[in-house]
Amino acid sequence: MSKTKAGFGITAFGAMAAAATLVAPSANAQILSISFSNPNPIVGCSYNVFANVDLVGTAFPVTFSDNGVQFAYVNPSAGFQQAFAGWAPQTAGEHVITAAASTNVVTTKITVNNPPLLQQLTGTVSSNCPPVSIPL
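As numbered in mature numbering (1 follows the signal peptide of the UniProt record, and there is no 0), residues -29 to -1, 1 to 107 make up the sequence shown, in order.
The following block contains the structure:
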């Protein structure tokens, strides 16, 4: 066999192996999106944060963080392809919420507002929080 034919064969094999690697399905969990039970959260109230995952993602636990501080580690529900956790923001302003599963990380930003001044003064914040939705 000539060096040219051998070199061509090795090059062709390498190209096919690279192509197979590029099209091989991923076994990693994929978090598709993050959503909230209420898009306008208020300090002192409780909410649910949802991570929508693909079917593979239901096999991997999801870690939720708020500004880099972990607040939940939960297993997704296979029937709903969703993981959810309770979240009670303690500070007003922009919060970066992260959901991580396997090697996949998704972040989103949400603005948390202070409660109305009257509620702050009377200490009635929690009594005026919206109900927390829980998927059935």
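From the three backbone atoms N, C-alpha and C, an ideal C-beta is built for every residue, glycine too.
Contact between residue 68 and residue 79 is confirmed by a C-beta separation of about 5 Å, below the 8 Å threshold. Taking a contact as a CB-CB distance under 8 Å, the pair residue 18 and residue 8 counts as one, their CB atoms being some 5 Å apart. When the beta-carbon positions are compared, residue 33 and residue 46 come within less than 9 Å of each other. Proximity to residue 56 across 66, 42, 65 and 74 peaks at 42, based on C-alpha coordinates. Taken through DSSP and simplified to helix, strand or coil, residue 29 comes out as helix.
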